[in-house]
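Shown next, in structure tokens, is the structure this report addresses.
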Amino acid sequence: MSQPHIQTNLQMQVNSLKKEIEQLKETNTVNEEKVLYLTSALNAFPDLYFQLDADGTIKSFLCGDKGKPYVSPDVFLGKKMQDMLPPEVSEVFMKTLHKLNKSPEPVIDEYSLDEPDGTHWYETLNIRFQEKDRLVIVRDISSQKKALQEKNQMELQFQHAQKLESLGVLAGGIAHDFNNLLVGILGYSDLALMKAEPNSPIAEYLEQIQNASERAAELCSQMLAYSGRGKFVITSYKLSDLVEEMVHLLRIATRKEVVLDLLLSKRIPRVKIDLSQIRQVIMNLVINASESMEINGGLLTIKTTLITAKKNEIKGDYSEDILSEGNYVCLEVTDTGEGMNEKTRKKIFDPFYTTKFTGRGLGLAAVLGIVRGHNGIIQVMSEQGKGSTFKVYLPVENSENKPDQDDETTQSAENSSAISPGLILVIDDEEENRNVISKMLDSAGYEVILACDGLEALKIFNKEHSGIQAVLLDLTLPRLSGNQVFKEMKKINPNARIVLTSGFDEQEVSDLFNETGFAGFIQKPFTTSNLIDEFNKILE
């Protein structure tokens, strides 16, 4: 082969190599661009990418957020993944790695890790990448987990609130109907007692009937309190003064082994409360605290303080109770007794839950209803073996109302000489109630007209209103409600003196009747003297 021919052949090979080199450069450029593109795309996601070999050794790592791993990649590169995880998580990972070695199907895991800034939840997608490599994609799902937990908690709170609300409606309805029944029992026994010889056995039996009826009425009061419908007589009062007045009773109610310590602030402002119901709250909390120290005795502390709450700062142990911004008086009852575990603490306001023997009334459920009825909340702090603290927050009174200076005195019908006889229209859908009320009023010299429903009452009132001096109006009536009857009577005679009566309480009636036109209110059940005194007050 000639020299020129050899040179030509070499030149062709060189040119071919150059071309191949250029093509390789272009290919590498394209590959580098693809790698750069894929890397940029992966960096845009908030995930961590681990490339492992078949035995779990970390070969490479990729993460867009360099601050995401709380340890440097240099620490775990070249290490086995399972050695970098807590034992319980490592066990899960080893099972996943075994699955990947046997099958190409991806595996999804979920686990939590305790990190310096708290617990984080992770979801991992484990993939068999090529034959020998494994790809683990790790995503932080802590925010989703937290949102799900909050949602579940809200659902539980909503269900709890619905349950208590349903029980409250049931308790309030039963108490209302039961109070209606007690009108006849208490009324007839009262009338019979007025005619019985003072020292006769019959008088004694009738007094026992009255006592039993009054205890039944107290149980109704507890049911109304639980339902949040139990405020009867609202008074402006200082909680410290109320506790001091109860000291003697509280010492009797507590065990001899228990030391009662009072830390009562004299500088706290007044709160608007029903005294009998808040007495019930204090007594119930003190008795519970005393009984928790049944074995070895201990220290029972009652404390009153003034606190200023910021918005959403103080939450109660009832699901949806949060104090609004403002000033509150805090009544704190602390014991050094057995305490409660978390499971017990969450159930203490359930009316069907008790750690004592049955038949103890509604207990803390009634306390909760009373406090919520006063626009307050309850907090409970307790630890097994370390005692409990109950905190009751009641809003400070904004008005300048003064507490009642004197207790109301009752005057029996047989001794009342100030009552002016007149005509009274009694409206009640219960026949027994109409009959006994008629006899009660008749015993004081009143004439009575009876009506069984709203339409009949309006018909009578429209015809006889000029001669009717007062009306006793039950609020729950057929055909026309008590509210409707009240408004129609006021249209006929704006000066009509209408006394309202109900098995519910005066506060609820006041909320229902925005008008201030009703002359008085008497809650069922009532005695003859209560009824006559009410009409004596408005007709004198």
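Numbering follows the working numbering, in which position 381 of the sequence shown is assigned residue number 366; successive positions increment by one, without gaps. Don't be surprised by glycine CBs; every beta carbon is placed ideally from N, CA and C.
- In the structure shown, E73 falls within a helical segment according to DSSP collapsed to helix, strand and coil.
- C205 carries a helical assignment under DSSP once its states are collapsed to helix, strand and coil.
- Between S487 and the set L166, G430 and K476, the nearest pair of CA atoms involves L166.
- By DSSP's assignment, T289 forms a beta bridge with L249 and L316.
- Residue burial annotation: K376 is buried, with at least 16 other C-beta atoms found within 10 angstroms of its C-beta.
- CA-to-CA, the gap between L435 and L408 works out to about 11 Å.
- Only residues of its own chain outside the window of five on either side were considered, and among them S275 have a CB closer than 6 Å to the CB of R240, listed in chain order.
- Secondary structure note for D459: its beta strand (DSSP E) is the uninterrupted segment I453 to D459.
- Under DSSP, the beta-bridge partners assigned to P380 are Y313.
- For H450, same chain residues with a beta-carbon under 6 Å away, outside a window of 5 residues either side, are I477 and N478 in chain order.
- Annotation: Q262 is outside any beta strand (DSSP E); the continuous alpha helix (DSSP H) that includes it extends over L260 to S277.
- Between the alpha carbons of L349 and V484 lies a gap of roughly 34 Å.
- In the DSSP assignment, T109 falls within the beta strand (DSSP E) that extends over G103 to F114.
- By the CB criterion at 8 Å, G172 and T461 fall outside the cutoff.
- Cβ-Cβ separation between G324 and E368: approximately 5 Å, consistent with a contact (criterion under 8 Å).
- The criterion of a C-beta distance shorter than 8 Å is not satisfied by F471 and L457.
- By a beta-carbon distance limit of 8 Å, G322 contacts G283. Their separation comes to about 6 Å.
- Between V266 and V314, the C-beta spacing is not below 8 Å.
- Pairwise C-beta distances place the stretch 68 to 78 in contact with the stretch 95 to 102, as three or more of them are shorter than 8 Å.
- Look at the stretch 458 to 489 and you find these whole runs of alpha helix (DSSP H), each 4 residues long or longer: 467 to 477.
- The continuous beta strand (DSSP E) containing F506 extends over residues G505 to Q508.
- Exclusion of the five residues before and after I422 leaves V168, G172, V411, D413, V433, L457 and L516 as the residues of its chain whose Cβ lies within less than 8 Å of its Cβ.
- Between R124 and L37, the gap from beta carbon to beta carbon reaches 8 Å or more.
- Assigned with DSSP and collapsed to three states, L98 falls in strand.
- Cβ atoms of A455 and I523 come within 8 Å of each other, at about 6 Å.
- Listed as beta-bridge partners of D125 by DSSP are Y107.
- For I43, the beta-bridge partners assigned by DSSP are L37.
- If you draw a straight line from the Cα of H105 to the Cα of E90, it comes to about 27 Å.
- Contact annotation: L224 and I253 have beta-carbon atoms nearer than 8 Å.
- Taking 8 Å as the cut-off, the Cβ atoms of C205 and N164 count as close.
- Collapsing the DSSP output to three states places D118 in a strand.
- Per DSSP, E368 is not a residue of any alpha helix (DSSP H), being assigned neither H nor E.
- Taking D320 as the centre and dropping the five residues before and after it, the same chain places the C-beta of A274, S277, M278, G283, L285, G372 and S373 closer than 7 Å to its C-beta, in chain order.
- Beta-bridge annotation (DSSP): S514 is not paired with any residue.
- Per DSSP, reduced to three states, the secondary structure at E327 is helical.
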